[in-house]
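Trainee: Let me give you the structure first, and then I'll get to my questions.
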Amino acid sequence: MTYGCKVNTSNDTDYAYVGGEIINPKNKNITIYNTDGKVIDSLTLDANNRFIYKIKDLQPGLHSFTHGGEYQLILLEPKDSVMFRLNTYDFDESLVFTGEGARKNNYLIETYLSNENEESKLMRHAKMEPEAFSKFIEDRRTRELLKFHNFLKDKEESELFKYIIETNINYNCYANKEIYPFAYFGNNKLVHIKDLPEGFYDYRKTIDYNATNLSRLYSYNRFLFSHIDNLAAQAHYTKHNHHNTFNRHTMDYTKAKLDIVDSIISDVTIKNNLLKYNAQDYVSHNHTEAEADEMLNYYLAKSTNEEDKESMKELVSSLKLLRQGNPIPNLAIINYDNSEDNLYSIIKKPTIIYFWSSNSKMQYRNSHYKVKHLKQKFPYVDFVSINLNSNDDKSWKNIINNYDFPTENEYKFKHPKKARKVLAVNYLNKAIIVNENAMILHPNVNIFKSDFSKTLGKLLQKKHLIAKQ
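If you use my numbering, the sequence shown corresponds to residues 1 to 469, in order.
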């Protein structure tokens, strides 16, 4: 593709150009981030939905860009001039790079999509016996490394690029092995995690827990989170050597994870992220105020990120307002016809409020499909769908129209950022159940959980929760 502006090169070497064209943009903004995840600049697309930008004093490594809530990595090294083209209707799959530095970035996005595809099949593969699964994963890792080494035969690439791709391949496979026992044994038989074959986790001897230059790589973070979960579960079963049902959301288990993070990781960025998300996962579930406060204090003693600490305090405060029996916060919402309303006024009978984002195609398709079936099973319950995005109405309505979602009970927040904070919506699959008087029955359920219908049924059996039919 061609661009209407000329690149002026200079004699300095610590720079790179990044530019692109966005088809069907969700807005006119694009933000570029450096290797530390800090904003380099926020840019405005021109009349042709294009931009070009020179990054000075470049730190080689994984940068990123965001547009309309979507996010993707880009590897930049000195003198690169990387251009990309993407369509927001198929953000990752449509992303193509051209220019100096494009070859390595096209390979990086290819491995990302491949990993994503394999990840979706993990539950099926995890039915294999441990020895067979271990061989399957190791064979795949070997194939991917061989493919990459053949790719390098055509043109020599930088050591940084080789390191990024090889670690991406390795850690993605390692993550699968860390997740495996949870999928294979399940919560009722996880005690057998101690019976996995000798050598199943041999790769752990080579793990770098402080790979700062990988801190933004999805496969590395996926591994770390799964690995910490696994280590804490193994520690749990050294103390509880019996077939108790494993609960990921207990105080002891979460504290064990924070202790492990604190003891094995020294990199400040990596450590603080792991501490934050593990503590956040615990307090977001339906615990007592005292338990939430106890976990908050345990987290605050370990984290050194002041911004994260304030965010966690705000989350715990918000959750206290979302306790069972409290009225749901009366937030302003906008319906499909652009009329403004509020949560109280639309609730007439027991209601499930669920959320979705324009940036997560699989989730919004699956959630609406699931709700369609739940409506048949619970005809006396309303289902309210709320979009969380801050972008303009066009993207929101396009998705509703493209997938023929019923427009009734489709809303978006008037002030999305504030609403997400007040309702503590930290992950998309969260749903809130209220009664006909907008009083909270359950502040955090997942409609995709196998026991959801049972949970909902139990709540609705209580006569005072249902308006008479």
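Glycine included, C-beta positions come from ideal geometry on N, C-alpha and C.
Small disclaimer: the values here were computed from a predicted structure and weren't measured.
(1) Can the beta-carbon of Ser219 be found less than 8 Å from the beta-carbon of Ala175?
(2) Going by beta-carbon coordinates alone, are Ser134 and Phe65 separated by less than 8 Å?
(3) Please list the terminal residues of the continuous beta strand (DSSP E) segment that includes Met439.
(4) Along the alpha helix (DSSP H) that carries Leu108, what are the first and last residues, could you check?
(5) Whose C-alpha, out of Lys28, Ile352 and Gly186, is nearest the C-alpha of Lys430?
(6) When you compare each of Leu300, Arg222 and Lys377 to Asp262 by their alpha carbons, which one comes out closest?
(7) Using CA atoms only, rank isn't needed, just tell me which of Tyr33, Thr44, Asp36 and Glu178 is closest to Glu21.
(8) Give every residue of the same chain whose Cβ lies closer than 7 Å to the Cβ of Arg141, excluding the five residues on either side of it in the sequence, and list them in chain order.
(9) Let me make sure I understand the geometry here. Which of Phe136, His415, Tyr344 and Gly61 has the alpha-carbon closest to that of Lys104?
(10) Pro327 by DSSP, collapsed to three states: which one?
(11) Go ahead and label Tyr403 buried or exposed: buried means 16 or more other beta carbons lie within 10 angstroms of its beta carbon, across all protein chains shown.
(12) Quick check on the DSSP output: the beta strand (DSSP E) that includes Val434 runs from which residue to which?
(13) Give the straight-line distance between the Cα atoms of Met251 and Leu423, rounded to the nearest whole angstrom.
(14) Alpha helix (DSSP H) containing Asn168: first to last residue?
(15) Could you check what DSSP says for Lys276 in three-state terms: helix, strand or coil?
(16) State the CB to CB distance for the pair Leu322 and Ile333, rounded to an integer number of angstroms; the pair is presumed to be in contact (CB under 8 Å).
(17) For the ligand FMN, is there any heavy atom lying closer than 7 Å to the beta carbon of Leu43?
(18) Find the nearest neighbour of Glu77 within the set Glu159, Leu146 and His242, judged by alpha-carbon distance.
(19) Where does Phe97 fall in DSSP's three states?
(20) Contact check, Glu340 vs Lys414 under 8 Å by CB: the rounded distance?
(21) Which residue from Ala47, Tyr209, Asn426 and Asn273 puts its Cα closest to that of Thr167?
Mentor: Concretely, from the data shown:
(1) yes
(2) no
(3) Taken as a continuous stretch (DSSP letters only), Met439 belongs to no beta strand (DSSP E), as it is neither H nor E.
(4) Ala102 to Ser120
(5) Ile352
(6) Leu300
(7) Thr44
(8) Ile169, Asn170 and Cys173
(9) Gly61
(10) strand
(11) exposed
(12) Lys430 to Val434
(13) 22 Å
(14) Glu159 to Phe185
(15) helix
(16) Contact doesn't hold; Cβ gap of about 17 Å is too wide.
(17) Because no ligand of any kind appears in the structure shown, any question about the ligand FMN cannot be addressed here.
(18) Glu159
(19) strand
(20) 6 Å
(21) Tyr209
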